[in-house]
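Trainee: Following this message is one structure expressed as structure tokens.
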Amino acid sequence: MRRASIAITGALLIGAIAGLTGCVPDDPAPAPTTTTVASPSATAPSASPTPSASSEPSAPTAPSASIPASCDDLGTAATRQETVGGLTAQHADGFVRPAPANATTALSCNWIQEEAAAVLLIVSTASDADVTAGVAGLGAQGYECQAAEDFGAQYCVKAGGTAETEDVVVARDGVWIYLETVNINARAWLSEISSQIFD
Numbered sequence: 001m002r003r004a005s006i007a008i009t010g011a012l013l014i015g016a017i018a019g020l021t022g023c024v025p026d027d028p029a030p031a032p033t034t035t036t037v038a039s040p041s042a043t044a045p046s047a048s049p050t051p052s053a054s055s056e057p058s059a060p061t062a063p064s065a066s067i068p069a070s071c072d073d074l075g076t077a078a079t080r081q082e083t084v085g086g087l088t089a090q091h092a093d094g095f096v097r098p099a100p101a102n103a104t105t106a107l108s109c110n111w112i113q114e115e116a117a118a119v120l121l122i123v124s125t126a127s128d129a130d131v132t133a134g135v136a137g138l139g140a141q142g143y144e145c146q147a148a149e150d151f152g153a154q155y156c157v158k159a160g161g162t163a164e165t166e167d168v169v170v171a172r173d174g175v176w177i178y179l180e181t182v183n184i185n186a187r188a189w190l191s192e193i194s195s196q197i198f199d
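Residues in the sequence shown are numbered consecutively from 1, following this note's numbering.
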């Protein structure tokens, strides 16, 4: 698997750690692309089977994605340990981050090391149309997007940050992955997670 070449960027400056521990950013995101994140234990509701006279199950209406059920199942064990093994898992309630309209949180994970480092990862689902519109609206929030060749998704990075922070969105097939890091290089892990979800 080839890793995406990623510019190390982000919008977090001196208040980045506070933002990762539950504070809402000072500059609110546009309403169409912002949603309130639910608990990290929340999972996306599965669609109920449509009653049918036939015994054949209904065909899915969108490409399927494989979203892990737990933060402990993201990527490979080795890369996960290398990325967040030295951090402490925290509650991920109440975060407001860029997301498509009508998004449902499937998985929300937050790790911190006091005020030294942090990782916030939120996986949401929405319709393909809402995800596409959400990506289109990221430019107004300072993100730069391009196609990621190794996992075939839109890869958007918020410009204007520092080498110590990163603010990334990966979107495809009705799935929206948001990653925010402080003093942690999570690029290899994000590539694994994206391939895990979209392949």
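Built from N, CA and C at the ideal position, the CB exists for glycine as well.
Keep in mind the model is a prediction, meaning the values are calculated, not measured.
Can you give the beta carbon distance from residue 177 to residue 194, rounded, assuming they're within the 8 Å contact cut?
Mentor: Indeed they touch by this definition, with Cβ atoms about 6 Å apart.
Trainee: Span of the alpha helix (DSSP H) holding residue 197?
Mentor: Its alpha helix (DSSP H) spans residues 187 to 198.
Trainee: Looking only at C-alpha atoms, which of 146, 151, 173, 180 sits nearest to residue 202?
Mentor: What the structure shows of the chain is the stretch from 1 to 199, and residue 202 is not part of that stretch, so it cannot be assessed.
Trainee: Take the Cβ of residue 167 as the centre, count every other Cβ of all protein chains shown within 10 Å, and call the residue buried at 16 or more, exposed below.
Mentor: Its Cβ being crowded by 16 or more others within 10 Å, residue 167 is buried.
Trainee: Which residues in the same chain have their Cβ closer than 7 Å to the Cβ of residue 54, if we skip the five residues on either side of it in sequence?
Mentor: Residue confidence is low: residue 54 scores 36 on pLDDT, short of 50, so the model does not pin down where it sits. Its coordinate-derived value is still stated next. Taken in chain order, the list of residues that qualify is empty.
Trainee: Under the assumption that residue 198 contacts residue 173 (Cβ atoms under 8 Å), give the Cβ distance between them as a whole number of angstroms.
Mentor: With 8 Å as the limit, residue 198 and residue 173 qualify as a contact, their Cβ atoms being about 6 Å apart.
Trainee: What does residue 122 pair with, by DSSP beta-bridge criteria?
Mentor: 108, 178, per the DSSP bridge assignment.
Trainee: Hey, out of 78, 105, 156, 86, whose CA is closest to residue 69's CA?
Mentor: Looking at the Cα atoms, 105 is the closest of the given residues.
Trainee: Within 8 Å, do at least three Cβ pairs link the stretch 110 to 117 to the stretch 136 to 145?
Mentor: Judged by Cβ distances under 8 Å, the stretch 136 to 145 makes no contact with the stretch 110 to 117, as fewer than three pairs qualify.
Trainee: I'd like the list of long-range same chain contacts for residue 146, defined as Cβ closer than 7 Å, with 5 residues on each side in sequence excluded.
Mentor: The answer, listed in chain order, is 155.
Trainee: Nearest to residue 89 by alpha carbon, out of 97, 108, 126, 75?
Mentor: Of the candidates 97, 108, 126, 75, the one whose C-alpha sits nearest the C-alpha of residue 89 is 108.
Trainee: Would residue 52 be called buried (16 or more neighbouring beta carbons within 10 Å of its own) or exposed?
Mentor: Any answer about residue 52 is weak, because its pLDDT of 40 lies below 50 and its placement is not dependable; what the coordinates show is given next. That one is exposed.
Trainee: Assign residue 166 to one of three DSSP states: helix, strand, or coil.
Mentor: DSSP places residue 166 in strand when its eight states are reduced to three.
Trainee: Does the beta carbon of residue 158 come closer than 8 Å to any beta carbon on chain B?
Mentor: In the structure shown, chain B cannot be found, because there is only a single protein chain.
Trainee: Helix, strand or coil: which one does DSSP assign to residue 88?
Mentor: Three-state DSSP puts residue 88 in a strand.
Trainee: By how many angstroms is the C-alpha of residue 92 removed from the C-alpha of residue 103?
Mentor: Going from the Cα of residue 103 to the Cα of residue 92 covers about 16 Å.
Trainee: Tell me whether residue 75 is buried or exposed, calling it buried when 16 or more other Cβ atoms sit within 10 Å of its Cβ.
Mentor: Buried, since its Cβ has 16 or more Cβ neighbours within 10 Å.
Trainee: Would you report the Cα separation of residue 122 and residue 71, rounded to the nearest angstrom?
Mentor: C-alpha separation (whole angstroms): 10 Å.
Trainee: Sorted by chain position, which residues of the same chain lie with C-beta nearer than 7 Å to residue 189's C-beta, five sequence neighbours on each side aside?
Mentor: Excluding residues within five positions, the ones whose Cβ falls inside 7 Å are 75, 79, 80, 83.
Trainee: Within 10 Å of its beta-carbon, does residue 66 have 16 or more other beta-carbons around it, so buried, or fewer, so exposed?
Mentor: When all chains shown are included, residue 66 counts as exposed.
Trainee: For residue 182, which option in 111, 99, 97, 73 has the closest C-alpha, if you only look at C-alpha atoms?
Mentor: With distances taken between Cα atoms, residue 182 lies closest to 111.
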